[in-house]
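Worksheet: the structure to be examined is printed underneath.
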Amino acid sequence: MSQPIDSSIIGHFGPYGGRFVPEALIGALDELALAHEVALGDPEFQAELAELHRSYTGRPSIITEVKRFAEHAGGARILLKREDLNHTGSHKINNVLGQALLTKRMGKKRIIAETGAGQHGVASATAAALMGLECVVYMGEEDTKRQSLNVARMKLLGAEVIPVTQGSKTLKDAINEAMRDWVTNVETTHYLLGTVAGPHPFPTMVRDFQRIIGVEAREQCLELMGRLPDVVLACVGGGSNAIGIFHPFLDDADVRLVGFEAGGSGIETGLHAATISGGSPGVLHGTRSYVLQDANGQTVESHSISAGLDYPGVGPEHAYLHDIGRAEYRAITDAQAMHAFALLCKTEGIIPAIESAHALAGALQIGNELGPDAVLLVNLSGRGDKDVQTAADYFGIPL
Amino acid sequence: MSTPLEELFIQARAENRAVLIGYLPAGFPTQEGCIAALTAMVEGGVDAIEIGFPYSDPVMDGPVIQAAADTSLRNGTGAKEVFETLEAIAKIAPTVVMTYWNPIERYGVDRFLAQIHRVGGSGVITPDLTIEESENWIMASKAHDTNRIYVVAPSTGEERLRRVTDATSGFVYAASLMGVTGTRTSVSSGARDLVARVRSVSELPVAVGLGVSTPDQAHEVAQYADGVIVGSAFIRLLQESSSLAEGVEKVRELARELSKGLHRP
Chain X
1 MSQPIDSSII GHFGPYGGRF VPEALIGALD ELALAHEVAL GDPEFQAELA ELHRSYTGRP
61 SIITEVKRFA EHAGGARILL KREDLNHTGS HKINNVLGQA LLTKRMGKKR IIAETGAGQH
121 GVASATAAAL MGLECVVYMG EEDTKRQSLN VARMKLLGAE VIPVTQGSKT LKDAINEAMR
181 DWVTNVETTH YLLGTVAGPH PFPTMVRDFQ RIIGVEAREQ CLELMGRLPD VVLACVGGGS
241 NAIGIFHPFL DDADVRLVGF EAGGSGIETG LHAATISGGS PGVLHGTRSY VLQDANGQTV
301 ESHSISAGLD YPGVGPEHAY LHDIGRAEYR AITDAQAMHA FALLCKTEGI IPAIESAHAL
361 AGALQIGNEL GPDAVLLVNL SGRGDKDVQT AADYFGIPL
Chain L
1 MSTPLEELFI QARAENRAVL IGYLPAGFPT QEGCIAALTA MVEGGVDAIE IGFPYSDPVM
61 DGPVIQAAAD TSLRNGTGAK EVFETLEAIA KIAPTVVMTY WNPIERYGVD RFLAQIHRVG
121 GSGVITPDLT IEESENWIMA SKAHDTNRIY VVAPSTGEER LRRVTDATSG FVYAASLMGV
181 TGTRTSVSSG ARDLVARVRS VSELPVAVGL GVSTPDQAHE VAQYADGVIV GSAFIRLLQE
241 SSSLAEGVEK VRELARELSK GLHRP
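As given, the protein sequences belong to chains X and L, one line each in that order.
So for the first sequence, this note's numbering puts the first residue at 1; every next one is plus one.
So for the second sequence, this note's numbering puts the first residue at 1; every next one is plus one.
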């Protein structure tokens, strides 16, 4: 199973992936692909990254079984992979540390990053501070208002945050602006893309840096239960936490992989960010995948209560896994996600990121479908501290 | 069979001058206004026209063209309006469409090229289509006698320059600098080097774009390149004018000024 996927020498996943970028970026993408390939086989690089994971991020992240939550999911066993406990509060740090090390290897001194909710921006600012790199984060003006706390965090960490006022003023436009910066400053600058989208090598490279989630979780399941889970569940925006936990299970044919996209107000309303469930094949931000688009190929704005899933594209490997039937993708509405969010808070004492709450809502669905014998492994990709304001507004808690 | 664009470059070479190419996004400032402004450009002395297909995520474009594309999209511009504009302008000058890839893919590669050819277009500039993703595009554009114009950059290495220009027809679009579209106070010295490097691997005409806006800059570029591409400067005139009529006259005047400096000694 993993063989045909990985054999894509120029970054294709079936008909998806590839490179749709200005010629000016080809040299930098080639340089990056080479640096990544060399690093993969370099014990020194791997040791340096492993040490950062251990002593800085706090890996391996633990597994928590949530029995009281599982009572609402048909009694299935539910295990959470606790990426929320990582330094900076989400899985984003896994990729950021890897790419920051590559940046240093390539002799570049400046990183740029896009961010929606601010998690990837905070992780990038963190790695830049740790490694003495200059850091500029592009963030849609709308998002800087919604996530002002994360803007302050990035500034405290020494990053410059540039509000993007073009287009819809959200994540999609932050990526556009970061790409424009990169085209202009490519000689000195690395674009530290936060998800498994974008031109080759990003989808492959970011996946490789996030695979640690699934590698650890697979071993932990075997250790804890002597068996693999029946289903692995994760939320999907761009899809980096999902591919990270899915990928090491691809060859385990009996393990179902299910990704949960942001259904917003419901796919039928048109106000959603469920790119695979409600979009069509197209090209966005340098890669061919599923895209939310209109009849003229213009990108359509996405909608989700979760800023981190509010993106009209998705990683090309997910598009491929969907088409070949190896993974399934479902949409979870804002209301379903917020129900699962509140339930985890009250039954387990864990406040999840609203992004991750989409996967928790998925666990409630799948658990009820499969019944008490099923074992579900859910990627709890981030913690909900950043979402307190949004959740308080949603549930009518006065601040 | 050669396209009107290819014939134009042959003719200009015989006259020892560079070709002046003007750009506007279709539907900007309005559908009729765009056709009027492009017509004025041609009357003022622009030799060939590049019509932009406005796109929601133009990562190669600076603020001026982004704002124009936004206006155009808000006007409801889509494939139909792009082809209408092309049909009108191709009657008076060799004309190409410049578009990001997704609108082509959405329309259908073969259908898109058939339509370009049917309404008299000479070719298509594809700034984000890499040669690795071009297999169908190359086959289909040959079948429809349409020029494939790729953009090369100062960072494009020797070997790749050879491969990209091998895939190109009509002319090679040389991006003068590492960056996005927009006016600059001077044309990057990298442009002259890039044109020379293209010439060492290809016989095709080379046109320089990105950051060319004044008659002096056009004259300078015309001394070493086969074509000079001006976009943002025209757009700015239309954005800054209080009426369409005023904008169109300013566009005609700039075209006239730019076209004076294209001859070589």
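Ideal Cβ positions, reconstructed from N, Cα and C, are used throughout, including at glycine.
In the structure shown, Ala-253 of chain X adopts coil according to DSSP, grouped into three states. Counting other Cβ atoms within 10 Å of its Cβ, Phe-395 of chain X stays below 16 and is therefore classed as exposed.
Within chain L, the residues placing a beta-carbon under 7 Å from that of Arg-180 of chain X are Val-59 and Val-180, ordered along the chain.
For Thr-3 of chain L, the closest alpha carbon among the candidates L:Pro-94, L:Asp-47 and L:Ile-89 is that of L:Pro-94.
With its beta carbon less than 8 Å from one in chain X, Tyr-55 of chain L belongs to the interface. Look at Phe-202 of chain X: its C-beta is not under 8 Å from any C-beta on chain L.
When only Cα atoms are considered, Ile-213 of chain X and Ile-63 of chain X end up about 11 Å apart.
Pairwise C-beta distances place the region 129-148 of chain L out of contact with the region 53-62 of chain L, as fewer than three of them are shorter than 8 Å. In terms of Cβ geometry, Ser-90 of chain X and Ile-111 of chain X do not form a close pair [threshold 8 Å]. Residues of chain L with a Cβ closer than 7 Å to the Cβ of Gly-27 of chain X are, in chain order, Ser-155 and Gly-157. Within chain L, the residues whose beta carbon sits less than 8 Å from that of Gly-282 of chain X are Asn-102, Glu-105 and Arg-106, listed in sequence order. The straight-line gap separating the alpha-carbon atoms of Gln-99 of chain X and Leu-192 of chain X is approximately 7 Å.
For Leu-233 of chain X, the three-state secondary structure derived from DSSP is strand. A residue is called buried once 16 or more other Cβ atoms fall within 10 Å of its Cβ, and Val-38 of chain X, having fewer, is exposed. Going by beta carbons, Gly-259 of chain X and His-318 of chain X fall inside the 8 Å limit. Residue range 26-40 is occupied by the alpha helix (DSSP H) that includes Leu-32 of chain X, with no beta strand (DSSP E) assigned at that position.
Every alpha helix (DSSP H) of 4 residues or more that sits fully in the region 78-136 of chain L is shown, in chain order, as 79-90, 101-107 and 109-118.
Judged by pairs of C-beta atoms under 8 Å, the region 153-171 of chain L touches the region 202-209 of chain L, as three or more such pairs exist.
From the listed residues L:Arg-264, L:Ala-90, L:Gly-179 and L:Ser-186, the smallest Cα separation to Ile-51 of chain L is found for L:Ala-90. Annotation for Glu-6 of chain L: the continuous alpha helix (DSSP H) segment containing it runs 4-14. Exposure of Thr-165 of chain X is indicated by the presence of fewer than 16 other C-beta atoms within 10 angstroms of its C-beta. The residues Ile-332, Gln-336, Ala-337 and Ala-340, in chain order, have a CB closer than 6 Å to that of Ala-361 of chain X in the same chain once the five nearest residues on each side in sequence are set aside.
Chain-order list of chain X residues neighbouring Glu-135 of chain L: empty, with the shortest C-beta distance near 11 Å, by a criterion of under 7 Å.
Secondary-structure assignment with DSSP links Glu-50 of chain L through a beta bridge to L:Tyr-23 and L:Val-96. By the Cβ rule, the region 255-264 of chain L counts as touching the region 210-218 of chain L, because three or more pairs are nearer than 8 Å. Going by beta carbons, Gly-315 of chain X and Val-215 of chain X fall outside the 8 Å limit. Neighbours of Thr-115 of chain X in chain L, taken as residues whose beta carbon is under 9 Å from its own, are absent, since the nearest beta carbon is some 17 Å off.
Under the rule that a run must span 3 or more residues, the beta strand (DSSP E) segments found entirely inside the region 136-216 of chain X read 160-164 and 189-191. In this structure Gly-198 of chain X touches Gly-286 of chain X by the C-beta definition: roughly 5 Å separates them, less than 8 Å.
Under the 10 Å beta carbon count, Pro-248 of chain X is surrounded by 16 or more other beta carbons and is classified as buried. Assigned with DSSP and collapsed to three states, Gln-298 of chain X falls in coil, not helix or strand. Using a CB distance cut-off of 8 Å, Phe-20 of chain X counts as an interface residue toward chain L. Ala-207 of chain L carries a strand assignment under DSSP once its states are collapsed to helix, strand and coil.
For Leu-177 of chain L, there is no enclosing alpha helix (DSSP H), as DSSP marks it with neither H nor E. Pairwise C-beta distances place the region 370-384 of chain X in contact with the region 68-77 of chain X, as three or more of them are shorter than 8 Å.
Fewer than three Cβ pairs drawn from the region 111-122 of chain L and the region 20-27 of chain L lie within less than 8 Å of each other, which leaves the two stretches out of contact.
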